[in-house]
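So the protein sequences, as listed, match chains D and A. Residue numbers for the first sequence follow numbering that gives the first Met the number 0, beginning at 0 and rising by one. Residue numbers for the second sequence follow numbering that gives the first Met the number 0, beginning at 0 and rising by one. Even for Gly, the Cβ is constructed at its ideal location relative to N, Cα and C. Note that the coordinates shown come from a computational prediction; the quantities given were computed from them, not determined experimentally. Here's the structure we're looking at; comments come further down.
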Amino acid sequence: MFDWDFLIACFPELTDAFLITISAAILGFLFASIIGLIVAVIVEIKVPILYRALLWGNEFVRGTPLLVQMFFLFYVLPDWGIKLGPMQAGILALGIHYASYCSEAYRSGIRAIPKSQWDATKALNLGLPTTLRAVILPQMFRVVTPMLGNYLIAIFKDTPLLSAITVVEVLQVAKILGANNFKYLEPLTAIGFLFLLVSLVAAYLVRKLERKLELSYA
Amino acid sequence: MLSLLLEGLHATLVITLSSIFCTILIAAFSGWMLARASGFSKLLILFYVEFFRGTSVLLQLFWLFFVLPLFGVNFSPFATAIIALSLNAGAYGAVIIQAAVRSVPKGQWDAAASINLGAWDTLKNVVFPQAIVVALPGLATLCIEILKNSALVSLITISDLTFVSQIIRSENYQSTEIFSIVLILYFILSQIISFSFGALEKRGFKWRSSGV
Chain D
0 MFDWDFLIAC FPELTDAFLI TISAAILGFL FASIIGLIVA VIVEIKVPIL
50 YRALLWGNEF VRGTPLLVQM FFLFYVLPDW GIKLGPMQAG ILALGIHYAS
100 YCSEAYRSGI RAIPKSQWDA TKALNLGLPT TLRAVILPQM FRVVTPMLGN
150 YLIAIFKDTP LLSAITVVEV LQVAKILGAN NFKYLEPLTA IGFLFLLVSL
200 VAAYLVRKLE RKLELSYA
Chain A
0 MLSLLLEGLH ATLVITLSSI FCTILIAAFS GWMLARASGF SKLLILFYVE
50 FFRGTSVLLQ LFWLFFVLPL FGVNFSPFAT AIIALSLNAG AYGAVIIQAA
100 VRSVPKGQWD AAASINLGAW DTLKNVVFPQ AIVVALPGLA TLCIEILKNS
150 ALVSLITISD LTFVSQIIRS ENYQSTEIFS IVLILYFILS QIISFSFGAL
200 EKRGFKWRSS GV
């Protein structure tokens, strides 16, 4: 039933495509963590009007499917004169979708910092940029790093969606291999195990990191 | 166009609601097993949970859609969609239920045993009212996740809201309008889920103070 020779023949193509998947996930994560941080800071220091708009935007992005957001970026932006390749549109969609999750994580991290820290920066007459850079953000990152790790894993598991906007990533390659040889079992099962392996190892590392950051508090 | 959209909305609703129903059954069973069982049965459930949380939903959907027929198991795309979405969300739900059951203090179980309550009465009158309040916020997020994941079924030929939006786009090229409408529809649905769980939570606090 399970054709090992076929699996071995598929393997080079699958691992190549898997690298594309991983790089898309990492780029998407970079986007998400940066946009998320900007959103979180704007919301937490309550920039008038803008912060309300961003809160609504967050709610909207979190309440709608990533797949439709990808279609939106891929099919609608060209009408507005912005031409994005499938890979760029996909990474941007991953970035925006998960930025809404990351910003919630950052916000919880900022709110976990005792109010006295803010008071102290006022007493020392630190400006807002210095307060954020030297006092608030370093403490926040210690709290949110494990959460960000979990979002990286979630992004990684969502990258197969890029195949829907014609990016040739690992799921797409597996489907093509399956269709060409009328054998779906081997390639689809193989990438299933690749995903499982990477996300279990990553989850283990995140847990380790979490424990390390917790200990260094004491 | 409107009739197509309504058709898609109908499919999305049916798939989401049936998946939510199956997810809650799977999550309740496996979460309870994770919290209370031991040995081989717990290991089996743990394996299921880790496996489905560790791989991609879309991959699970495709695996069930393309690979199961090779073993002679033929489900309709509709059934495949509901099975894949509920198995995936069930694994996440199991962890939520496990945490909720564990949050009931041990003294409560001891007290139930000491007044000779049976297993069913302990569950219904002691554990459930306390655990449900802990589980509801997590379950609300999970149900919105199911709604969002239901967009993926468009990729296995089911004409749900997302699939229909693609058809309309290919017919009249008004991408901006159609995708905006569809995004707003999904957003309204997720708000409805979120409000219903908010109402349930208020109920839940009443159950906790007075019993079911």
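Beta-carbon spacing of residue i, residue j below 8 Å
i                          : j                           : result
isoleucine 155 (chain A)   : isoleucine 167 (chain A)    : no
tyrosine 74 (chain D)      : isoleucine 154 (chain D)    : no
leucine 141 (chain A)      : tyrosine 91 (chain A)       : yes
serine 32 (chain D)        : leucine 147 (chain D)       : yes
alanine 111 (chain D)      : valine 142 (chain D)        : yes
serine 133 (chain A)       : threonine 161 (chain A)     : Inspection of the sequence shows that residue 133 (chain A) is occupied by valine rather than by serine. Not closer than 8 Å, so no.
arginine 132 (chain D)     : valine 42 (chain D)         : no
alanine 130 (chain A)      : valine 100 (chain A)        : yes
alanine 24 (chain D)       : threonine 158 (chain D)     : yes
leucine 84 (chain A)       : isoleucine 145 (chain A)    : yes
isoleucine 34 (chain D)    : glycine 94 (chain D)        : yes
isoleucine 82 (chain A)    : leucine 63 (chain A)        : yes
phenylalanine 65 (chain A) : glycine 191 (chain D)       : no
alanine 201 (chain D)      : isoleucine 152 (chain D)    : yes
tyrosine 150 (chain D)     : tyrosine 100 (chain D)      : yes
isoleucine 95 (chain A)    : alanine 26 (chain A)        : yes
alanine 80 (chain A)       : isoleucine 183 (chain A)    : no
isoleucine 14 (chain A)    : valine 163 (chain A)        : no
glycine 137 (chain A)      : phenylalanine 194 (chain D) : no
methionine 69 (chain D)    : glycine 84 (chain D)        : no
glutamate 168 (chain D)    : threonine 14 (chain D)      : no
8 Å Cβ cut-off: residues of chain D touching residue i
i                       : result
glutamine 190 (chain A) : Gly62
valine 66 (chain A)     : Tyr183, Leu184, Leu187 and Thr188
leucine 12 (chain A)    : Residues of chain D passing the Cβ test: none, with the nearest at roughly 14 Å.
threonine 161 (chain A) : Pro64, Leu66, Val67 and Phe70
Buried versus exposed call for residue i [16 or more other C-beta atoms within 10 Å across all chains shown]
i                          : result
glutamate 170 (chain A)    : exposed
glycine 80 (chain D)       : exposed
lysine 222 (chain D)       : Nothing about residue 222 (chain D) can be reported from this structure: the residues present for chain D run from 0 to 217 only.
alanine 34 (chain A)       : buried
glycine 38 (chain A)       : exposed
glycine 197 (chain A)      : exposed
phenylalanine 10 (chain D) : exposed
valine 166 (chain D)       : buried
glycine 7 (chain A)        : buried
alanine 217 (chain D)      : Legend: pLDDT at alanine 217 (chain D) = 44, less than 50; position of this residue unreliable, no value from coordinates given.
tryptophan 55 (chain D)    : exposed
lysine 249 (chain D)       : There is no way to answer for residue 249 (chain D), as the model of chain D reaches only from 0 to 217.
proline 128 (chain A)      : buried
aspartate 118 (chain D)    : exposed
histidine 9 (chain A)      : exposed
leucine 188 (chain A)      : buried
serine 29 (chain A)        : buried
leucine 187 (chain D)      : buried
tyrosine 185 (chain A)     : buried
asparagine 148 (chain A)   : buried
proline 302 (chain D)      : In the structure displayed, chain D extends from 0 to 217; residue 302 (chain D) sits before or after that span and is not available.
Residue i: contacting residues in chain A (beta-carbon distance under 9 Å)
i                       : result
aspartate 157 (chain D) : Ser55, Val56 and Leu57
leucine 170 (chain D)   : Ser55, Leu57, Leu58 and Phe61
Partners in chain D for residue i, counting only beta-carbon separations shorter than 7 Å
i                           : result
leucine 151 (chain A)       : Leu66
phenylalanine 194 (chain A) : Within 7 Å Cβ-Cβ: nothing; phenylalanine 194 (chain A) doesn't reach chain D, min ~12 Å.
leucine 8 (chain A)         : Within 7 Å Cβ-Cβ: nothing; leucine 8 (chain A) doesn't reach chain D, min ~13 Å.
Neighbouring residues, chain D, relative to residue i (Cβ below 9 Å)
i                        : result
isoleucine 143 (chain A) : Arg61 and Gly62
leucine 69 (chain A)     : Met0, Lys182, Tyr183 and Leu184
lysine 205 (chain A)     : Going along chain D, no residue has its Cβ under 9 Å from lysine 205 (chain A), so there is no contact; the nearest lies around 27 Å.
lysine 201 (chain A)     : Those do not exist, as lysine 201 (chain A) stays about 21 Å from chain D at its closest Cβ, beyond 9 Å.
Within chain A, partners of residue i - CB distance below 7 Å
i                     : result
alanine 163 (chain D) : Leu154
glycine 191 (chain D) : Thr54, Leu58 and Trp62
glycine 177 (chain D) : Phe65
Chain A contact residues for residue i, given Cβ-Cβ distances below 8 Å
i                     : result
leucine 160 (chain D) : Leu57 and Leu151
Mind listing which residues of the segment 72-85 of chain D have their C-beta closer than 7 Å to chain A's C-betas, in chain order? Cβ contacts with chain A: Tyr74, Val75 and Asp78.
Chain D contacts from the segment 166-187 of chain A (Cβ-Cβ distance under 7 Å): Cβ contacts with chain D come from Arg168, Ser174, Thr175, Phe178, Val181, Leu182, Tyr185 and Phe186.
Can you pull out the residues from the segment 80-98 of chain A whose beta carbon lies closer than 7 Å to at least one beta carbon of chain D? The segment 80-98 of chain A vs chain D, Cβ under 7 Å: nothing.
Closer than 8 Å is the cut-off here; do at least three beta carbon pairs connect the segment 58-65 of chain D with the segment 120-131 of chain D? Cβ pair count under 8 Å is below three, so no.
Which residues of the segment 193-209 of chain D have a Cβ closer than 7 Å to any Cβ of chain A? Give them in chain order. Within the segment 193-209 of chain D, the qualifying residues are Phe194, Leu195, Ser198 and Leu199.
Give the residues from the segment 11-41 of chain D that approach chain A closer than 8 Å (Cβ to any Cβ), ordered along the chain. Cβ contacts with chain A come from no residue of the segment 11-41 of chain D.
Selection of the segment 27-51 of chain A by Cβ proximity to chain D, strictly under 9 Å: Considering only beta carbons, the part of the segment 27-51 of chain A lying closer than 9 Å to chain D consists of Glu49 and Phe50, in chain order.
Taking three-plus beta-carbon pairs below 8 Å as touching, is the segment 43-50 of chain A in contact with the segment 82-100 of chain A? Note that the segment 43-50 of chain A touches the segment 82-100 of chain A; at least 3 beta-carbon pairs, one per stretch, sit closer than 8 Å.
Three-pair Cβ contact test at 8 Å for the segment 172-191 of chain D versus the segment 59-72 of chain A: Contact holds between the segment 172-191 of chain D and the segment 59-72 of chain A, because three or more Cβ pairs, one in each stretch, are under 8 Å apart.
Against chain D: residues of the segment 100-130 of chain A by CB proximity under 7 Å: Within the segment 100-130 of chain A, no residue has a Cβ that lies closer than 7 Å to any Cβ of chain D.
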